[in-house]
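Everything on this sheet refers to the single structure shown next.
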Amino acid sequence: MLKDVIKTFKKEYEEKGEEYITDSYIPADGEYIIVDTFENNFNILDRFDIKIDKKTRKVDDSNQYFDFVRKSDYMSKLLDMNKPIDPKKIIHSNNYLTFFIKKENVNNGKLKDEIIDKYYEILKNPLIKYTKPKARKLYEEVETKYGKSNAELIDNIKNWIKNNICNMVEKDNKEKTYLKIFFKYDLDTFKKESEKYILINLYNNNDYNTTINKKIYGLSNDNMGLNAKKPYLENKTRKSKLPYLLSKEEVLIQKQFFDYLMNQASAGKTNIYIDEEKIEALSNDKMLEYDFKGYYLRIKKGKEVEIVDFDNIVSYNTHIRPFNLQNVLQLQKSKITEYGEMKKLKNLKDLINEVFFSKFLTTNYFTDSKDLNINDNILKKNLLLSRNTLFTWFYKGIDSNVWKVLNFSSLDLIKGSINNGYLLKASDQFNLRASLKNYFEGGDNMSDVLAEIKDSLREKINKDDTDVIHSDKEYYFAVGQLTSYFISLSKSKNKVHSLANPIINGKKDARIKDELRKLYKKYNYTIKTGNKRFKNLYAMISSYIPEEKVNEDLIIAGYLHSNLVYEKLDKEESKNEDE
């Protein structure tokens, strides 16, 4: 599959050139210094800072030299820290036109003259470093193509660095950001000098290289680390134990592809969609705007870019079967801005993220559980339980097990909101849960069910003679109503809705009735004797024996719904209750 996606990348790269990579490249945080090289008289032209915005994942690119820095920095960086020019790994650039170092290492004694001397000595004569036959052969090919480097210029640059480097960083500076120095030459010169490093270090290890029909093949260095400590990566059944072999052209385009992926990961675009025509890189808060068939890659930025998920998407549809978000509780106040029909998966994703997960889902699909900055343990638990399934639905279009997961998590989240006293939030969550249940399961519409129950219960509690409840649905809604009424009688400034937990979480009717009796004993001192509605409601609940298992949804619906006991009374009934 990697070969297939690189085919698309190669087509894009050949069409757009090096800018296809460099236009999205983000240099590391640090101070950047441009040195004028006119007639080999070195003077600082400009110095400026680059710092990525952690929220937008962008940098200020307004400096006149930014484009030059972005392109030359990309060409001059090390492939990885195990392949430095400087054997001590203090200097992090790969050619004599640049000098990259961490600021903290300038004045702490780690950067010594002999390290600088060794760095430039190797750049003047790379065969000091590439002594093994296979590496030597690669370098000789590159030198034949580009010629030897300018030894006199290298010495001049070395002397300037040795005379000036310590004055470029304050004595007590311990910043771990970079100081990067660029000598202002044309980009073709940078490309030529950087390739003297890149083309020799492209492979995982030149010792693995083999020549077939006068052409060098070797093992890629991207997402691969074959060495003596990883014998399980070897193919033991072949003459060559390497997992796979690539030509120089193939390994170079693969390197450029992984550079492109690293740029996207640095910008927070970790969802990569690749079909035969193009590549689309998106952050978690963005989704495809068109139907898609092709490959999906989930990437992660570490010391190198990692492909943590790779999938073949058969059919991703941006539009969904119409989803109708209903205000089943008839809320007058709601944080949901608009009820009605939705036809796009993106809109439903945003709704679920905001209402159920308080906007924590989108930014934490792959965050380690120990790093989740969420104080609400119920929210944290359900995010961890749901995120993989929801991610697969939102970004791959596969909705298997979605309702099974949301059915559990949404109910638990609603209970958690009630427990914390966030009734408006719980009500919004219940409306979304009820709408999703109807969407995935079908059956009776919750809005119609509640309207019918409410009308029936309203009529019964307003009668002079106590009536009876005729269905489990009406009973459990009535239980929620009675529980809500009891909690409302509390004289505390802040109502403690956790008192409702034993009833909302009750699994047996006997336990529910027992908890209702406890609440009655707790608050009966404040209930007026003429409160006909309360008497009828409590009497009907006490005498009814349900046939089916506890319906938690209807208990919660009754609890969150406007309370029938408090509905506006007519003058005659109001007079009777006052008595």
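When the letters of the sequence shown are read in order and numbered with this note's numbering, they come out as residues 116 to 694.
Don't be surprised by glycine CBs; every beta carbon is placed ideally from N, CA and C.
Just so we're clear, the structure is a prediction, and the values are computed from it rather than from any experiment.
Can you find the residues in the same chain that come closer than 6 angstroms, C-beta to C-beta, to residue 207, ignoring five residues on each side of it along the sequence?
193, 215
Between which two residues does the beta strand (DSSP E) carrying residue 402 extend?
Segment: none, residue 402 is in no beta strand (DSSP E) and carries neither H nor E.
Say yes only if the C-beta of residue 137 is nearer than 7 angstroms to one or more non-hydrogen atoms of the ligand MG, and no if none qualify.
No copy of the ligand MG appears in this structure; indeed no ligand is present at all.
Expressed to the nearest angstrom, what Euclidean distance is found between the alpha-carbon atoms of residue 451 and residue 552?
18 angstroms
Helix, strand or coil, according to DSSP, for residue 213 in the structure here?
strand
Would you grab the beta carbon distance between residue 568 and residue 511 for me? Rounded to a whole angstrom, and I think it's under 8 angstroms.
In fact, because the Cβ distance is near 39 angstroms, the residues do not count as touching under 8 angstroms.
Do residue 184 and residue 298 count as a contact pair if the criterion is CB distance below 8 angstroms?
no
What residue from 492, 554, 488, 549 has the CA that sits closest to residue 514's CA?
554
Which class does residue 493 belong to by DSSP, given the choice of helix, strand or coil?
helix
Mind checking residue 159: buried by the 16 CB within 10 Å criterion, or exposed?
exposed
Spatial neighbours of residue 440 in its chain, beta-carbon cut-off 6 angstroms, leaving aside the 5 residues before and after
454, 550
To the nearest angstrom, how far is the alpha carbon of residue 234 from that of residue 300?
20 angstroms
Could you tell me the distance, in whole angstroms, from the CA atom of residue 260 to the CA atom of residue 436?
60 angstroms
Evaluate residue 590 with the Cβ neighbour count: other Cβ atoms within 10 Å of its Cβ, from every protein chain shown; 16 or more gives buried, anything less gives exposed.
buried
I need the DSSP call for residue 427, collapsed to helix, strand or coil.
strand
Buried or exposed for residue 745, going by 16 or more other Cβ atoms inside 10 Å?
Residue 745 falls outside the range modelled here, since the chain spans only 116 to 694, and no answer is possible.
What's the call for residue 179, buried or exposed, on a 16-neighbour Cβ count within 10 Å?
exposed
Straight-line gap, residue 499 to residue 489 (C-alpha atoms, nearest Å):
11 angstroms
Alpha carbon of residue 123 to alpha carbon of residue 242, nearest angstrom
37 angstroms
With distances taken from CA atoms, which of 187, 244, 167, 173 is nearest residue 703?
The structure shown has nothing for residue 703, since the chain only spans 116 to 694.
Got a sec, what are the start and stop residues for the beta strand (DSSP E) residue 396 sits in?
394 to 397
Could you give the residue range of the beta strand (DSSP E) that holds residue 145?
145 to 151
In the DSSP output, which residue or residues are listed as bridge partners for residue 410?
389, 427
Please identify the residue among 438, 662, 657, 667 whose C-alpha is closest to the C-alpha of residue 615.
667
Whole angstroms are fine: how far does the CA of residue 237 sit from the CA of residue 315?
14 angstroms
Does the beta-carbon of residue 326 have 16 or more other beta-carbons within 10 angstroms, so that it is buried, or is it exposed?
exposed
DSSP state of residue 612 mapped onto helix, strand, coil
helix
Give the straight-line distance between the Cα atoms of residue 352 and residue 360, rounded to the nearest whole angstrom.
In this predicted model, residue 352 has a pLDDT of only 49, less than 50, meaning its place in the structure is not dependable; the value taken from the coordinates is given anyway. Roughly 15 angstroms between the two C-alpha positions.
On the DSSP letters alone, give me the boundaries of the alpha helix (DSSP H) that residue 632 sits inside.
624 to 638
Alpha-carbon to alpha-carbon, residue 371 and residue 527
47 angstroms
Are the CB atoms of residue 402 and residue 460 within a distance shorter than 8 angstroms?
yes
Cβ-Cβ separation, residue 362 to residue 330 (assumed contact under 8 angstroms), whole Å
6 angstroms
Tell me the start and end of each unbroken alpha helix (DSSP H) in the region 465 to 547 that is at least 4 residues and wholly inside, in chain order.
492 to 511, 517 to 534
Would you kindly check if the distance between the Cβ of residue 594 and the Cβ of residue 627 is under 8 angstroms?
yes
Distance CB(residue 222)-CB(residue 286) smaller than 8 angstroms
yes
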